[in-house]
Amino acid sequence: MNMLKNMDKTTRSHLITYAMVIVAYLVMQGLGSIGALSSSMAGQLVPITTYICLAISLNLVVGISGELSLGHAGFMSVGAFTSVVAVSMMQGAVGSPVARFFLGCLVACAAAACAGFLVGVPVMRLQGDYLAIVTLAFGEIIKNLLNNLWLGLDSNGLHVSMSNAAALGLGEGGKILINGPQGASGIERISSFTLGFILVIFTLFVVFNLVNSRSGRAIMAVRDNRIAAESVGISTTKYRLMAFVVSAGLAGMAGALYAMNFNSIVPSKFDFNNSINILVFVVLGGMGNIRGGIISATLLTVLPEKLRFLGNFRMLIYAVVLILVMLVSNNRQINNAFDMLKEKLLKRRGDDDDDAPTQAAEGGAA
Amino acid sequence: MGFLTNLINGISLGSVYAIIALGYTMVYGIAKMLNFAHGDVIMVGGYICFCCMQYLGLPPIVGILLAVVGCTCLGVVIERLAYKPLREAPSLAVLITAIGMSYFLQNSALLIWKSDPKVFPSVVSLPNITLFGGQLVVSPISIVTVLACVVVMVCLTLFTQRTKMGKAMRACSEDKAAAQLMGIDVNATISMVFAIGSGLAAIAGVLLCSAYPVLMPTTGSMPGIKAFTAAVFGGIGSIPGAALGGILLGVIEIFARAYIGTQLADAIVFAVLIVVLLVRPAGLLGKEMHEKV
Numbered sequence: 001m002n003m004l005k006n007m008d009k010t011t012r013s014h015l016i017t018y019a020m021v022i023v024a025y026l027v028m029q030g031l032g033s034i035g036a037l038s039s040s041m042a043g044q045l046v047p048i049t050t051y052i053c054l055a056i057s058l059n060l061v062v063g064i065s066g067e068l069s070l071g072h073a074g075f076m077s078v079g080a081f082t083s084v085v086a087v088s089m090m091q092g093a094v095g096s097p098v099a100r101f102f103l104g105c106l107v108a109c110a111a112a113a114c115a116g117f118l119v120g121v122p123v124m125r126l127q128g129d130y131l132a133i134v135t136l137a138f139g140e141i142i143k144n145l146l147n148n149l150w151l152g153l154d155s156n157g158l159h160v161s162m163s164n165a166a167a168l169g170l171g172e173g174g175k176i177l178i179n180g181p182q183g184a185s186g187i188e189r190i191s192s193f194t195l196g197f198i199l200v201i202f203t204l205f206v207v208f209n210l211v212n213s214r215s216g217r218a219i220m221a222v223r224d225n226r227i228a229a230e231s232v233g234i235s236t237t238k239y240r241l242m243a244f245v246v247s248a249g250l251a252g253m254a255g256a257l258y259a260m261n262f263n264s265i266v267p268s269k270f271d272f273n274n275s276i277n278i279l280v281f282v283v284l285g286g287m288g289n290i291r292g293g294i295i296s297a298t299l300l301t302v303l304p305e306k307l308r309f310l311g312n313f314r315m316l317i318y319a320v321v322l323i324l325v326m327l328v329s330n331n332r333q334i335n336n337a338f339d340m341l342k343e344k345l346l347k348r349r350g351d352d353d354d355d356a357p358t359q360a361a362e363g364g365a366a
Numbered sequence: 367m368g369f370l371t372n373l374i375n376g377i378s379l380g381s382v383y384a385i386i387a388l389g390y391t392m393v394y395g396i397a398k399m400l401n402f403a404h405g406d407v408i409m410v411g412g413y414i415c416f417c418c419m420q421y422l423g424l425p426p427i428v429g430i431l432l433a434v435v436g437c438t439c440l441g442v443v444i445e446r447l448a449y450k451p452l453r454e455a456p457s458l459a460v461l462i463t464a465i466g467m468s469y470f471l472q473n474s475a476l477l478i479w480k481s482d483p484k485v486f487p488s489v490v491s492l493p494n495i496t497l498f499g500g501q502l503v504v505s506p507i508s509i510v511t512v513l514a515c516v517v518v519m520v521c522l523t524l525f526t527q528r529t530k531m532g533k534a535m536r537a538c539s540e541d542k543a544a545a546q547l548m549g550i551d552v553n554a555t556i557s558m559v560f561a562i563g564s565g566l567a568a569i570a571g572v573l574l575c576s577a578y579p580v581l582m583p584t585t586g587s588m589p590g591i592k593a594f595t596a597a598v599f600g601g602i603g604s605i606p607g608a609a610l611g612g613i614l615l616g617v618i619e620i621f622a623r624a625y626i627g628t629q630l631a632d633a634i635v636f637a638v639l640i641v642v643l644l645v646r647p648a649g650l651l652g653k654e655m656h657e658k659v
């Protein structure tokens with residue numbers, strides 16, 4: 001306990017986040033092993049871990065680097081489709097499905113990071129809402145290109161076409177991996193909750209270490225005051241790009257996890273609405289607040305499922321909840337009341353105990 | 367002749383985008399927010415007009431007027447309930463609220479009008495115009511759309527430049543605090559902008575549905591995104607920019623569809639946007655803001 005007290009605030013906050021994820025994993029595993037999970041809940045576990053990864057990685061761009069990105073689902077789809085292709089190609093060469101999964105994730109991560117770099121170089125010339133619209137445009141372009149991509153595999157190797165499946169000219173025993181707007185089908189379902197959990201921990205590890213490093217401080221300095229950061233010799237483009245590329249790579253990995261949980265995926269699943277959903281997780285959890293993002297990603301993935309009994313009213317209620325949360329959390333009177341309550345509680349505990357919210361939470365918007 | 371037909375179709379589609387983009391750009395100029403629910407106001411306008419014509423049997427012009435009135439009220443109510451309490455909030459919170467509003471409108475429409483696509487009866491019942499001995503066929507709705515766009519543009523320019531309210535709008539978009547000190551009612555001005563933008567959205571909705579007669583709860587979202595792109599393309603906050611951006615975007619889209627492929631048209635539209643923004647980061651007619659240190 002003493003050690004925990006002597007630790008600096010950020011490390012303690014990070015450890016709490018890790019602990020929270022691990023406990024949640026153990027509880028869910030425990031519930032699963034005694035059969036207390038409903039089948040719909042069990043089916044939700046992998047998507048939840050996917051969205052947690054996506055929320056953490058988008059937080060790096062939106063919260064830590066302070067840029068609005070509206071195309072995160074695009075990077076997710078790059079990762080998803082590359083991993084599907086990579087895993088199919090490795091089917092003969094690599095025996096163990098777990099090894100295939102991780103290799104698939106690695107390839108997906110690399111591909112999405114490359115896409116992130118290609119997008120990032122021009123995007124980082126822009127700022128604010130212009131940057132947002134260009135990320136939106138890139139997301140749509142990626143979706144459109146995937147809608148027009150046919151990819152097949154036969155004994156001669158990979159065949160690519162931009163017009164139709166027949167143009168692939170597949171040989172005997174060839175298999176279509178990506179079938180234009182129909183997407184990829186017959187995917188090997190090798191994702192599991194445990195693998196998802198490992199990816200969440202890995203994503204957390206990468207983001208926390210980046211934020212805590214010299215580069216991370218540079219990224220936040222650029223966010224807080226670009227001109228001041230530039231004047232002390234920080235290359236703004238380099239650090240903004242770094243956050244963007246790392247975030248894209250992590251999103252690609254999450255995409256791989258997502259894709260390998262389903263029999264088939266279609267490019268239109270990774271559209272603008274999906275990007276917005278991920279952004280909602282980040283904003284509701286509090287920008288820059290990783291732990292908040294994890295919680296809101298979990299709740300908001302479960303909530304629409306839990307509301308399924310409402311039928312068509314489901315999304316209506318989701319929308320109303322979204323608007324109300326935004327209105328309430330930005331209401332000055334309510335926030336003031338909260339602050340006063342917090343102050344009173346702190347005073348009772350004694351002034352030396354600084355249990356005030358961590359730095360990350362203070363940067364939160366919601 | 368194919369070229370000319372495509373050009374006319376492009377300008378007509380672009381005019382619709384331009385009318386929608388005007389709403390986006392005016393709201394952005396004054397409230398500094400991206401109103402993602404704008405696209406769904408288009409859809410509501412389309413449905414109101416559809417109901418008036420189909421179920422109540424009213425003449426098209428009454429349907430259009432009712433759609434404009436309905437959307438104007440809707441826009442003002444949305445602003446009052448959802449955006450006004452967030453005037454001081456960070457811009458992302460407002461953005462998420464706008465997205466929530468967009469979901470709300472789409473799903474309300476889904477409940478009221480169901481998800482099956484409705485076939486929209488054209489508001490213009492004139493025969494096609496045939497030129498050059500049948501080689502060039504122009505649909506009357508294209509001409510009406512382009513005319514509507516020109517009229518809207520002229521009226522808006524006169525309104526913002528010549529009237530007191532227009533002056534107040536320009537003042538608010540320049541500096542809200544200073545405008546307030548000069549005795550301008552900032553809240554009323556912002557409401558006015560939402561009213562005008564939403565009224566325009568209704569007109570755009572009717573024109574869009576007449577040209578592409580399928581009406582669904584999601585009809586507005588893609589044109590909304592495209593119009594938003596058009597507004598940025600022309601320089602967001604600038605009224606002539608929105609018109610220019612909208613028309614260029616429409617022409618590019620139709621030509622890409624005709625000469626490159628239907629599937630890739632959207633990708634090309636967005637790619638052109640990116641190239642333009644890289645060359646002119648503030649859009650075609652946008653003001654470049656120089657930072658003062």
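These protein sequence lines are chains U and W, in that order.
In this text, residue positions in the first sequence follow this note's numbering: the first is 1, and each later residue adds one.
In this text, residue positions in the second sequence follow this note's numbering: the first is 367, and each later residue adds one.
Every residue gets a Cβ at the ideal spot worked out from N, C-alpha and C, and that includes glycine.
Nothing here was measured: the structure is a model prediction, and the numbers come from that model.
Counting only the Cα atoms, GLY216 of chain U lies some 18 Å from GLY120 of chain U. Contact between ALA570 of chain W and ILE408 of chain W holds, with the beta-carbon distance rounding to 6 Å and staying under 8 Å. Excluding residues up to 5 positions away in sequence, TYR390 lie with their Cβ nearer than 6 Å to the Cβ of PHE594 of chain W in the same chain. Straight across, the Cα-Cα distance linking PRO456 of chain W with MET326 of chain U is about 11 Å. Contact of SER564 of chain W with chain U by beta-carbon distance below 8 Å is absent, the smallest such distance being about 18 Å. Taking the Cα positions, ALA384 of chain W is about 22 Å away from MET531 of chain W. Closest in C-alpha terms to LEU502 of chain W, from the list W:LYS653, W:GLY652, W:LEU370, W:GLY649, comes W:LEU370. Listed in chain order, the non-local C-beta contacts of LEU241 of chain U below 6 Å within the same chain comprise GLY120, MET124, local neighbours out to five positions each way being set aside. If you look at LYS480 of chain W, you'll find it isn't in any beta strand (DSSP E); DSSP assigns it neither H nor E. Contact check for LEU204 of chain U and TYR18 of chain U: beta-carbon distance about 7 Å, within the 8 Å limit, so the pair qualifies.
A straight line joining the alpha-carbon of VAL443 of chain W with that of LEU566 of chain W spans about 16 Å.
With respect to the C-alpha of ALA433 of chain W, the residue from W:ASN553, W:TYR413, W:PRO451, W:LEU424 having the closest C-alpha is W:TYR413. Under the Cβ criterion (8 Å, minimum of three pairs), the region 73-87 of chain U does not count as touching the region 299-310 of chain U. Bridge pairing for ASN179 of chain U: U:TRP150 [DSSP]. Taking all protein chains shown into account, LEU341 of chain U has fewer than 16 neighbouring C-beta atoms within 10 Å of its C-beta and is therefore exposed. Counted as a single uninterrupted DSSP element, the alpha helix (DSSP H) harbouring SER576 of chain W occupies residues 552-577. Fewer than three pairs of CB atoms, one per stretch, sit closer than 8 Å, so the region 159-175 of chain U makes no contact with the region 193-208 of chain U. DSSP lists no beta-bridge partner residue for LEU210 of chain U. Bounds of the alpha helix (DSSP H) holding ILE620 of chain W are 605-625. Contact between the region 277-293 of chain U and the region 191-201 of chain U is absent: fewer than 3 CB-CB pairs across the two stretches fall below 8 Å. Scanning its chain for C-beta atoms nearer than 6 Å, with the 5 sequence neighbours on each side dropped, one finds around THR135 of chain U the residues SER69, LEU70, GLY71, in chain order. The alpha-carbon of CYS437 of chain W is positioned some 37 Å away from that of ILE626 of chain W.
Excluding its 5 nearest sequence neighbours in each direction, ILE495 of chain W has C-beta neighbours in its own chain below 6 Å: VAL504, listed in chain order. By the beta-carbon neighbour count (other beta carbons within 10 angstroms, threshold 16), CYS521 of chain W is exposed.
With respect to the C-alpha of LEU388 of chain W, the residue from W:SER557, W:PRO606, W:LEU643, W:ALA537 having the closest C-alpha is W:PRO606. Chain U places no beta carbon closer than 9 Å to that of MET535 of chain W, leaving this residue out of the contacts. Counting C-beta pairs closer than 8 Å gives three or more between the region 463-478 of chain W and the region 580-593 of chain W, which meets the contact rule. In this structure, DSSP gives GLY586 of chain W a state outside helix and strand, which the three-state scheme calls coil.
Listed in chain order, the non-local C-beta contacts of ILE613 of chain W below 7 Å within the same chain comprise ILE377, GLY380, SER381, ALA384, local neighbours out to five positions each way being set aside. Using a Cβ-Cβ cut-off of 9 Å, SER474 of chain W counts as an interface residue toward chain U, since at least one Cβ of chain U sits closer than that to its own.
Among the residues of chain W, none has a CB under 9 Å from the CB of PHE75 of chain U; the nearest is roughly 16 Å distant. The alpha helix (DSSP H) runs lying completely inside the region 114-141 of chain U and spanning 4 residues or more number zero. Taking a C-beta cut-off of 7 Å against chain W, the contacting residues of the region 99-133 of chain U are PRO122, ARG125, LEU126, ASP129, TYR130, ILE133, listed in chain order. In the structure shown, THR523 of chain W adopts helical secondary structure according to DSSP, grouped into three states.
Closest in C-alpha terms to GLN29 of chain U, from the list U:MET315, U:SER40, U:ILE16, U:LEU45, comes U:LEU45.
For VAL393 of chain W, none of the residues of chain U pass the 7 Å Cβ criterion, the least Cβ distance being about 12 Å.
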